[in-house]
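Numbering of the sequence shown is given in our numbering, commencing with residue 4 and proceeding in unit increments. Using N, Cα and C, we set each Cβ at its ideal position, and we do this for glycine too. All values derive from a computational prediction rather than experimental measurement. Down below is the structure, laid out as C-alpha cells.
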Amino acid sequence: MIQASRVPIVGLFGNLIVSVQGGLTDGQVEQLREDVTGSIESRSPRGLIVDLSGVEILDSYLTRAIRDIALTARLMGVRTAVCGLRPAVAIALVEMDLEIPGVVTALNLERAVEMLAPVDEDELPDELVNEVPNEEPS
C-alpha cells in the first residue's frame, strides 16, 4: 500500500511552518492535524504559520480543518497565522461566509514571520492575546 505524502512541517525562527501545496485528501488533512499537534508538543514553538499559497481551491472542509488546527495550536499556547491566500480563495471565503476566527492572516510568509516575531504583549493584535481576566485576591 502506498502511503499518501505528508505536508512538510519546517522550523524557522521559533515557528513551525506548514506549507500546503495543492489539495489535500481527507486522510492527509487528518495526518496533518496529528503531525502539527505532535510537532507542537515535541518542538515547543512560539508560533505556527500555515502557508496556503499553493492552494487554488479552499473548500469548507479544508477551511474548517485549518481553523481547527489553529484553535488547537492556540489551546496549546502557540500563536497562529495563515498566509498566502490567493485572491480568488479569499473572495470565495467571503462569498461562502466562511471565517477562521482567532487566526491572524498575512499576505505572505515573510509578513507572517514578522507578525509572530517576539514582541511585548501590549503590541499584539487582540486576536493573538489570550485574554485572562485580572482577578483580585479576596
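On the three-state DSSP scale, how would you describe residue i?
{"i": "ALA120", "result": "coil"}
{"i": "ARG82", "result": "strand"}
{"i": "LEU55", "result": "strand"}
{"i": "LEU15", "result": "strand"}
{"i": "SER47", "result": "coil"}
{"i": "LEU61", "result": "coil"}
{"i": "ARG9", "result": "coil"}
In whole angstroms, what separates the C-alpha of residue i from that of residue j?
{"i": "ILE12", "j": "PRO121", "result": "20 Å"}
{"i": "GLY30", "j": "ARG36", "result": "10 Å"}
{"i": "LEU55", "j": "GLU33", "result": "17 Å"}
{"i": "PRO104", "j": "ARG114", "result": "19 Å"}
{"i": "SER8", "j": "VAL39", "result": "15 Å"}
{"i": "ALA91", "j": "ASN18", "result": "27 Å"}
{"i": "GLU3", "j": "MET79", "result": "Lying outside 4 to 141, the shown extent of the chain, residue 3 is not represented and no answer is given."}
{"i": "THR108", "j": "ILE52", "result": "9 Å"}
{"i": "ARG77", "j": "LEU61", "result": "22 Å"}
{"i": "ILE43", "j": "ALA84", "result": "15 Å"}
{"i": "PRO48", "j": "LEU15", "result": "9 Å"}
{"i": "GLU138", "j": "ARG70", "result": "The predicted position of GLU138 is uncertain, since its pLDDT is 45 and thus under 50; a value taken from the coordinates is nonetheless stated next. Taking the straight line joining both Cα atoms gives about 30 Å."}
{"i": "VAL106", "j": "THR28", "result": "23 Å"}
{"i": "ARG89", "j": "GLY50", "result": "22 Å"}
{"i": "SER45", "j": "GLY26", "result": "27 Å"}
Let me know if residue i comes out buried or exposed under the rule of 16 or more other beta-carbons within 10 Å of its beta-carbon.
{"i": "ILE94", "result": "exposed"}
{"i": "GLY87", "result": "buried"}
{"i": "LEU119", "result": "buried"}
{"i": "LEU110", "result": "exposed"}
{"i": "ARG82", "result": "buried"}
_Going residue by residue through the region 64 to 109, where are the continuous beta strand (DSSP E) segments of at least 3 residues, counting only ones entirely within it?_
82 to 86 and 107 to 109
Handout entry: Whole runs of the beta strand (DSSP E) within the region 20 to 45, excluding any shorter than 3 residues
Key = The region 20 to 45 contains no whole beta strand (DSSP E) run of 3 or more residues.
Would the region 90 to 101 count as touching the region 60 to 71 if we require 3 or more Cβ pairs under 8 Å? yes
Is it true that the region 43 to 58 meets the region 16 to 25, where meeting means three or more beta-carbon pairs spaced less than 8 Å apart? In this structure the region 43 to 58 lies against the region 16 to 25, because at least three pairs of beta carbons, one per stretch, are closer than 8 Å.
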